[in-house]
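Mapping the sequence shown onto UniProt numbering, position 62 (from 1) lands on 62, and the numbers just tick up by one. Quick reminder that beta carbons are idealized off the backbone N, C-alpha and C, glycines included.
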Amino acid sequence: MSFNQTQESSSSDNSHISSIHALYFKLKVFPQPSQYTVLAAFYLTSNTRPDCNIISLGTGTKCLPECRLPSQGEAIHDSHAEILARRGAIRWLLEEILRERDQGSQWIECHEYMYRFREGIELNMYISTVPCGDASTRFLAAFQDLEMAFLKDSTVVTHSEGTAARGRDNYHLFNVLRTKPGRADSPPTLSLSCSDKIASWSWLGIQGAFGAKFFDRGIYIRKIIIGEVFSSKDKALIELVSADCERALGGRLEGGLPSDKGPYFLHKPAIWFTPIAFMHSRFVVGLGTTSTSSNESLCWYADSLPPSPQSPARALSPPSSSKSLSEKIETLPHSNAFCTQSSPSHIGTAQVIINGYKRGVSPKHRQKLKDDKFLPQVSKLSMFRLYARICREVYETKIPSSFTYYNVKNGIHNSSQQEQGRYSRYMNSAYLEAKTCLKGRSGPFSAWWDQDVVPTTAVKSDEGLSGRRNETHKRAGPESSKDEADVQTTQLEIRQRRGYGHWERFNIYGELIK
């Protein structure tokens, strides 16, 4: 399907954006004065009705550095608005399976124990500004002072094939995987930019590995509507940004992937720009002033489920501990946040996130992983429990306590051949094969599968493994052979930690499985 990528969003699109802004205003979780944030949302449209169904909304610009990543799934790694909105959309999709079973759904339907959108339903995305990473490098450079633009475009770091760039360094390079954050004085992270993640959704869909176990095809974004671009009156810049977005958010994968991989295929979203300004955007708050990004993030998703008659964690087989199952896991409450109503038929759950955790939860209570009320609803552990609830209530299958988040997500189980056979239908091999096509050694995103992130000399020292890596890369000469060996060891550690799910070795109780 071909779209005019530079055309302004339609009146109906703008009406949907206004509805998203109205919902955001009703939630009343705003940045402090002189602070800005980014807003993103997913919404459904139908060919039988003019309005839209907003299923998730997120705000935020922060993510956790590598040295602070949680090991038991209790905190959110990436709190950028686009990522929170997507995680909220996944939660909505999974919960809609339970709603469809109990009361039917006007959005999804079941075919032979697998789910899909009903005919005429389309998924759309709104972002209040150009996503960080490959799509926004030239857009942001246009508003930087000349000295900063020169520094960010300097060749401090030589980019090579099979590597990922740090933030906005060397922004003249296109089709480059980039990590967050863009600021060189921030600790390094292992989070890909939003541009890279959105591009991956154009091939894999937004449903993730858990959603792929229940939906028989990828769930793709039909269109992405982006704000702030029209803040510039420079038509040439708008054309550049349009081309950058079309390329970065899906176009760059053309020619690098199979024509299809089972139910997965490249589905480039249409890119449109809206003139509607977001009230807490950087441009509205004041570009070039002393404004800073908010430390808080908001995650909201629609149609919260009623409480389960029993804890999702009861989908597990009894643990080896002498404690009974009822003692091991408490019944989880309906909501660990607050409910909002954006329209007569629109009930949702919202949480404020700071540093990856639910705001207001003390460090002591963060460790109470058995009680879902202390967890972000879109954290890995909470989503794992929702997945287990679907397995139990819809498919009458319990998830053994020996199964980790990583193993279940990737269809790898340390269990007997007979036990593996029981769970073979949940191994979503088509999704994993499609993911390997994208991120495997010969895929267009191979830099992130098992290659190290390009360090930057702009960071003098960092904590943990990344700091050791940066220090070693700054040395040279024969005397540095030991340092080079250290770097190789460090890189191996990082690859092993990524490749073997270092941050995903927990079961549904939140217990680490060695």
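Could you work out which residue in Arg101, Asn124 and Pro400 is closest to tyrosine 113 when comparing CA atoms only?
The shortest Cα separation from tyrosine 113 among Arg101, Asn124 and Pro400 belongs to Arg101.
Just to confirm, are threonine 274 and serine 9 a CB contact at a threshold of 8 Å?
yes
Based on DSSP bridge pairs, tell me the residues matched to asparagine 47.
None, per the DSSP bridge assignment.
To the nearest angstrom, how far is it from the Cα of asparagine 124 to the Cα of asparagine 53?
10 Å
With DSSP as the reference, identify every bridge partner of glycine 88, one or two as the case may be.
According to DSSP, glycine 88 bridges with nothing at all.
Tell me whether phenylalanine 214 is buried or exposed, calling it buried when 16 or more other Cβ atoms sit within 10 Å of its Cβ.
buried
Could you spell out the range, first to last residue, of the alpha helix (DSSP H) harbouring glutamate 433?
429-439
Simplified DSSP state of arginine 217, which is helix, strand or coil:
coil
Can you give the beta carbon distance from tryptophan 300 to glycine 60, rounded, assuming they're within the 8 Å contact cut?
That belief does not hold up - the Cβ atoms of tryptophan 300 and glycine 60 are roughly 12 Å apart, past 8 Å.
Around the Cβ of phenylalanine 506, are there at least 16 other Cβ atoms within 10 angstroms (buried) or fewer (exposed)?
buried
What does DSSP give as the partner residues of serine 297 in its beta bridges?
By DSSP's assignment, serine 297 forms a beta bridge with Ile353.
Is the CB-CB distance between glycine 133 and serine 46 below 8 Å?
No, Cβ-Cβ distance for glycine 133 and serine 46 is not below 8 Å.
Name, in chain order, the residues that DSSP records as bridge partners for phenylalanine 42.
Ser56 and Met125
Leucine 375, buried or exposed, once every other Cβ within 10 Å from all chains shown has been counted against 16:
buried
Residue span of the alpha helix (DSSP H) that contains threonine 397, given as start and end
Here threonine 397 belongs to no alpha helix (DSSP H), and DSSP marks it neither H nor E.
If we call anything under 8 Å between Cβ atoms a contact, is leucine 369 one with leucine 381?
In this structure, leucine 369 lies near leucine 381, with their beta-carbon atoms less than 8 Å apart.
Nearest-angstrom Cα separation, counted from isoleucine 76 out to cysteine 63
8 Å
Within this structure, are the beta carbons of lysine 409 and phenylalanine 210 separated by less than 8 Å?
yes
Other residues of its chain near glycine 510: CB distance less than 6 Å, five sequence neighbours each side excluded
Excluding residues within five positions, the ones whose Cβ falls inside 6 Å are Gln72, Leu369 and Leu381.
Hey, could you find the ends of the beta strand (DSSP E) histidine 21 is sitting in?
Not the beta strand (DSSP E): histidine 21 falls in the alpha helix (DSSP H), residues 11-27.
Per DSSP, what kind of secondary structure is cysteine 137 in: helix, strand or coil?
The sequence shown places threonine at residue 137, not cysteine. It is helical.
Looking only at its chain, what residues have a beta carbon closer than 8 Å to the beta carbon of isoleucine 17, apart from the 5 residues adjacent to it on each side?
Ser9, Tyr126, Ile225, Gly227, Thr274 and Ile276
Answer yes or no: the CB of tryptophan 448 versus the heavy atoms of the ligand SAH, is any distance below 7 Å?
The ligand SAH is not part of the structure shown, which contains no ligands of any sort.
If you draw a straight line from the C-alpha of alanine 337 to the C-alpha of proline 258, how long is it?
In this prediction, alanine 337 has a pLDDT of 39, which is less than 50 and means its spatial position is unreliable; nothing more can be read from the coordinates.
Let me check understanding here. Comparing Cα to Cα, which of Ala447, Leu266, Thr48 and Ile354 lies closest to arginine 118?
Thr48
To the nearest angstrom, how far is the alpha carbon of alanine 430 from that of glycine 443?
16 Å
Does the beta-carbon of methionine 383 have 16 or more other beta-carbons within 10 angstroms, so that it is buried, or is it exposed?
buried
Beta-bridge pairing of methionine 114 - partner residues as DSSP gives them
His111
Starting from tryptophan 272, trace the beta strand (DSSP E) in both directions and tell me its first and last residue.
In the DSSP assignment, tryptophan 272 falls within the beta strand (DSSP E) that extends over 270-273.
Quick check on DSSP: helix, strand or coil for glutamine 103?
helix
Beta-carbon separation of valine 38 and histidine 80 under 8 Å?
yes
What residues match up with histidine 80 in a beta bridge as DSSP calls it?
DSSP lists Thr61 as the bridge partner or partners of histidine 80.
Is the CB-CB distance between proline 187 and proline 65 below 8 Å?
With a cutoff of 8 Å on beta-carbon distance, proline 187 and proline 65 are scored as near each other.
Just mark alanine 212 as buried or exposed, buried being the case when its beta carbon has 16 or more other beta carbons within 10 Å.
Looking at its Cβ environment, which holds 16 or more other Cβ atoms inside 10 Å, alanine 212 is buried.
Whole angstroms is fine: what's the gap from alanine 350's alpha carbon to serine 379's?
Rounded to the nearest whole angstrom, the CA to CA distance from alanine 350 to serine 379 is 13 Å.
Am I right that alanine 447 and leucine 177 are in contact with their C-beta atoms under 8 Å? What's the rounded C-beta distance?
5 Å
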